[in-house]
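Numbering (my numbering), first residue to last: 267 to 759.
Beta carbons: idealized from backbone N, C-alpha and C, even for Gly.
Nothing here was measured: the structure is a model prediction, and the numbers come from that model.
Comments concern the structure below.
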Ligand code: DQQ
């Protein structure tokens with residue numbers, strides 16, 4: 267049933283059936299890329315979560331592997347929630363949240379050399395309880411790294427009435443942990459435009475790393491900051507991925523600046539990253555659905571894994587993202603347009619619902635470019651990506667990237683709210699990369715990402731361009747993108 271759904275992405279990773287959420291244990295091990303993920307094969311709803319597993323040699327095509335972790339009698343009887351993979355002196359080891367009743371506690375499992383079968387540690391749970399004497403909102407998800415001759419671990423949490431936090435622990439053997447203290451405690455209302463706990467009452471899926479290839483906890487060779495990525499959880503509708511740049515040193519993190527990680531908000535959630543053998547920091551995130559719970563169950567599947575994105579630090583101290591270049595091997599038919607000044611709506615002649623689009627444009631002050639994708643051609647449906655430059659910009663100010671989903675679907679039950687965020691631009695230049703995969707759209711404007719889901723009903727694939735003000739199209743290239751899913755979901759070479 268899931269395979270018959272025209273909205274099921276074709277070149278993004280999706281689970282074989284049922285429900286998918288967070289990426290877990292992302293790594294390159296003995297040359298092979300491993301993607302584990304939160305998985306419920308029984309149906310498209312979040313329940314009794316297991317760890318799905320897929321492998322890849324190129325980050326593009328994926329081979330499904332047997333389920334890695336399943337709930338069993340014990341501390342993970344009600345779910346194997348999010349966690350990470352570490353290399354314990356050559357032994358692959360998972361650290362994850364075991365759920366029992368309403369409670370999550372850290373657990374460990376040891377893998378076979380090919381990472382396909384896993385044995386849970388008899389010591390589970392390896393931390394018996396959250397820190398005493400703190401009124402916490404939650405306690406789960408893990409970031410684990412080697413520092414000198416010990417392991418360090420962060421467990422995501424929140425202090426009631428204050429904000430999100432991550433508790434720091436250390437261990438010699440990954441089995442016995444000493445509590446160090448909170449890495450730092452956020453102020454949930456900081457930067458909050460609407461009083462909705464912007465930085466979260468709890469931090470989910472914390473991911474701490476040194477920008478560049480440097481090692482956490484060492485003296486930085488340059489002024490590369492440390493980056494603390496987290497998914498700000500709250501009771502409202504503004505759950506989203508954020509990051510602090512700052513310095514992790516000793517037992518704490520000194521925050522310098524807070525940033526949004528992806529302007530899609532909850533559509534790029536619970537990201538996790540790793541350094542691959544080429545020294546690239548690669549990040550995956552969960553593209554959750556914007557349709558109703560009933561519609562997901564009906565569709566038989568839910569959740570899309572993002573394309574792997576390379577994460578770098580720009581001179582302005584913020585992160586930039588780009589899909590891994592390996593994805594270019596999926597490119598098929600190519601169309602380009604000559605450089606020109608844009609005016610009235612231009613039908614690019616490109617058509618399709620699996621596309622890779624690359625544009626270079628120059629915007630005059632006050633100008634806006636609109637790129638329509640998944641259009642029905644008659645105006646009924648259109649998903650519109652806008653990039654604008656402020657009118658009073660003398661050359662170096664920030665522009666705006668916006669995804670207008672108002673007309674993205676005739677189905678009024680799906681989420682169609684705007685998404686937007688700032689884009690650095692010099693002299694009005696924008697490099698725009700847009701990957702369209704049926705119901706998944708990933709946009710990168712000068713490296714700032716906006717990821718979201720759309721649910722067109724007309725089956726349209728028109729690509730149009732239009733402009734307000736003076737917009738010069740320097741380059742436009744479009745490719746159709748091949749499927750990575752075979753008939754009936756088989757394996758790829
Ligand atoms: N999803 C997991 C949790 C995590 C949340 C459960 C984030 O471990 O906090 O499936 O999406």
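Query, Result
"In whole angstroms, what is the alpha-carbon distance linking residue 630 and residue 696?", "11 Å"
"If you drop the 5 nearest sequence neighbours on each side, which residues of the same chain put their C-beta closer than 6 Å to that of residue 755?", "Low confidence applies here, because residue 755 scores a pLDDT of 41, under 50, leaving its location unreliable; read the following figure in that light. 282."
"Looking at C-alpha atoms only, which residue of 322, 620, 469 and 515 is the closest neighbour of residue 381?", "322"
"Using 10 angstroms around the beta-carbon of residue 491, count the other beta-carbons present and answer buried if the total reaches 16, otherwise exposed.", "buried"
"For the ligand DQQ, I want to know if residue 315 counts as a neighbour, meaning its beta carbon is within less than 7 Å of at least one of the ligand's heavy atoms.", "yes"
"May I have a chain-ordered list of the beta strand (DSSP E) segments no shorter than 3 residues that lie completely inside the segment 394 to 455?", "402 to 413, 416 to 425, 429 to 437 and 443 to 451"
"Do residue 685 and residue 706 have their beta-carbon atoms positioned less than 8 Å apart in this structure?", "no"
"Please classify residue 703: is it buried, with 16 or more other beta-carbons within 10 angstroms of its beta-carbon, or exposed?", "buried"
"Cβ of residue 468 within 8 Å of Cβ of residue 512?", "no"
"So, for residue 345: in the same chain, excluding its five sequence neighbours on each side, which residues have a beta-carbon less than 7 Å away from its beta-carbon?", "314, 315, 337 and 365"
"If we count the other Cβ atoms within 10 Å of its Cβ and call it buried at 16 or more, is residue 577 buried or exposed?", "buried"
"Could you give the DSSP three-state label for residue 671: helix, strand or coil?", "coil"
"Taking only three categories from DSSP, how would you classify residue 270?", "helix"
"Residue 406: beta carbon under 7 Å from a heavy atom of the ligand DQQ?", "yes"
"Residue 354: which of 488, 379 and 367 sits nearest, CA to CA?", "379"
"Please classify residue 600 as buried or exposed, where buried requires at least 16 neighbouring CB atoms within 10 angstroms.", "exposed"
"Which residue wins for smallest C-alpha separation from residue 299, given the options 533, 665, 602 and 548?", "548"
"Rounded to a whole number of angstroms, what is the C-alpha to C-alpha distance between residue 625 and residue 742?", "5 Å"
"Opposite residue 654 in the DSSP bridges: which residues?", "634 and 666"
"May I ask you to report which of helix, strand or coil DSSP gives residue 561?", "helix"
"Under 7 Å: does the beta carbon of residue 312 sit that close to some heavy atom of the ligand DQQ?", "yes"
"Buried or exposed, going by whether 16 or more other CB atoms sit within 10 Å of the CB of residue 572?", "buried"
"Are residue 521 and residue 450 touching if we call contact CB-CB under 8 Å?", "yes"
"May I have the straight-line CA-CA distance separating residue 448 from residue 523, to the nearest angstrom?", "19 Å"
"Please classify residue 488 as buried or exposed, where buried requires at least 16 neighbouring CB atoms within 10 angstroms.", "exposed"
"Given a threshold of 16 other Cβ atoms within 10 Å of its Cβ, counted over all protein chains shown, does residue 526 qualify as buried or as exposed?", "buried"
"Where residue 698 and residue 348 are concerned, what is the direct C-alpha to C-alpha distance, given to the nearest angstrom?", "33 Å"
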